[in-house]
Structure formats: structure tokens, C-alpha cells
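Report on one structure; see the data block that follows.
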Amino acid sequence: MLKLTFNPSKASYLQKKLVQMVELGKDPPRIDHVAGFDLAYCRGKGIAVATLFKYPSLKLMEYVVVVGEVKVPYIPGLLAFRESPLIFKAFEKLSIKPDLLVLDGHGLAHPRKFGIATHVGVALNRSSIGVAKKMLYGELRKVEGVEYIVVDGKYVGFTKEVGRGKLYVSIGNKITLPKVMEVFNKLMRGHNLPEPTYIADRISKEMRAKYCGVKGKR
């Protein structure tokens, strides 16, 4: 059987091409439902969880779990190629298609302005934002008390101190930075992550512990 090998150079080139499809400068006409996505890993498989919340009440409507083989290694800047196949499957299982996607990773705050939040948003034609725990690309610039993430001279995101750490929030697709800031603040409910990804992260780890007998992210 032919074994296909992941090519990082081709993946990076594809990101440079697909960035032309990103829609900027517009907001979703309305946001009624928000979905959060996260993955845990064990024994060569990924456990993807999608949560669906009513917005802005943040009532949990449902969650779905998808388990599948992970064929791409973890490479900074190319996370979407590792996680998006299972994310797409989880998205399809949601009974209501969300107006906004929240991804555990970066959006435009990325070397090719095409992080996982942008990649998934473009592929699913949805508004999206990325929320990451570590800085990947860009510079930080403080203006009137807000620390912004700047890429190629453009403000693409901001940081938020939570607990002992910091979150790096950026535009994914089809949403403006002011709207990202507004929605992000409404999604925070006392945890170190927005509620949709916090619950997705918690469930993915519970599923991993249940089926694999191990705890933690990977």
C-alpha cells in the first residue's frame, strides 16, 4: 500500500496560497451559537471535541466527540494539518451549525497569517477566532492599556492575562478585531480559557483518561 508522507514545505506553500481566501473587515451579521474545539491524543489517535453554546447566555447545547488516526506530526505553524481533519468531522456532527468558531491556536498571528483558526474558518466558511497559550509570531505593542499583537504593521489580535499566564487571541476569519475583543470578553466565565474551548478541553481529557487511562493533553 502506498504510504503518503507529509511535506512541511508544501504545506507552508499551501498556506501562502490559501491566505488569499481570508475574509477580513467584516463581522458575522449575528451570533446565536458559538462552537469551541480542542483535541487530546493517545496511542496515535486524536480525540476531537466540539462544544456548542448558545450566545450570549453560554448555555451548553451539546457536545460531540470524534476519535481518529492522526497522520501528521506536530510542527509549529502547521497545526491545522494535524488537527483540522478531526475538527471538520466534529463540526459536521453538530446538530446546529455555529456562527462563530473558537479554536485552540492562532489565527492571523502566524508567520503566513494562516493559523489553525484561519484555516478552519476559511474551510468551513465561518467566522473564527484563535486563542493560544503561547506566542507564535508577531510583535506586542501596548496602546492605552491593551497589549496588541501586530503582524506586518497590522493589529491582528491582543493578549489577555489569565491566572499565572497569558492568552494570545487573534482574528481567524470573517470578523474584525473590535468584535473579537467584544465576544472574547463575553466568553470568559471565570476560567483560564473561553468557555467553549475550556469545556472542549476538559471533555477531551476526560475521554482520553477513560479510553487510554492517561491524563494530560498528549
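The sequence shown begins at 32 in this note's numbering and counts up one residue at a time.
Glycine residues also receive a C-beta, built at the ideal position from the N, C-alpha and C atoms.
Spatial neighbours of residue i in its chain, beta-carbon cut-off 8 Å, leaving aside the 5 residues before and after
i           : result
residue 107 : 167
residue 94  : 80, 81, 82, 83, 230, 231 and 234
residue 243 : 73 and 74
residue 58  : 158, 205, 206, 207 and 210
Reduced DSSP category for residue i - H, G, I as helix; E, B as strand; rest coil
i           : result
residue 141 : coil
residue 242 : helix
residue 219 : coil
residue 33  : Low local confidence applies: a pLDDT of 39 at residue 33 is under 50, so the model's placement there is unreliable, with the coordinate-based value given in what follows. DSSP places residue 33 in coil when its eight states are reduced to three.
residue 118 : helix
residue 69  : strand
residue 128 : coil
residue 106 : coil
residue 212 : helix
residue 206 : coil
residue 168 : coil
residue 134 : strand
CB of residue i within 7 Å of CB of residue j, strictly
i           : j           : result
residue 37  : residue 134 : no
residue 97  : residue 120 : yes
residue 193 : residue 202 : no
residue 136 : residue 148 : yes
residue 64  : residue 127 : yes
residue 180 : residue 196 : no
residue 189 : residue 177 : yes
residue 116 : residue 66  : no
residue 109 : residue 42  : yes
residue 71  : residue 191 : no
residue 39  : residue 217 : no
CB-CB length for residue i against residue j, believed under 8 Å
i           : j           : result
residue 143 : residue 51  : That pair is no contact at about 11 Å.
residue 131 : residue 62  : 5 Å
residue 186 : residue 163 : So it is not a contact: roughly 17 Å between Cβ atoms.
6 Å Cβ shell around residue i - same chain, five flanking residues per side excluded
i           : result
residue 103 : 37, 112 and 113
residue 161 : 134, 136, 137, 138, 146, 148, 201 and 203
residue 89  : 226
Sequence-distant residues of its chain with Cβ nearer than 7 Å to residue i (five each side left out)
i           : result
residue 76  : 98, 99, 100 and 101
residue 54  : 204 and 205
residue 118 : 68, 79 and 151
residue 172 : 179 and 181
residue 239 : 71, 73, 78 and 245
Min CB distance residue i to chain E below 7 Å
i          : result
residue 73 : Chain labels in this structure do not include chain E; a single protein chain is all it has.
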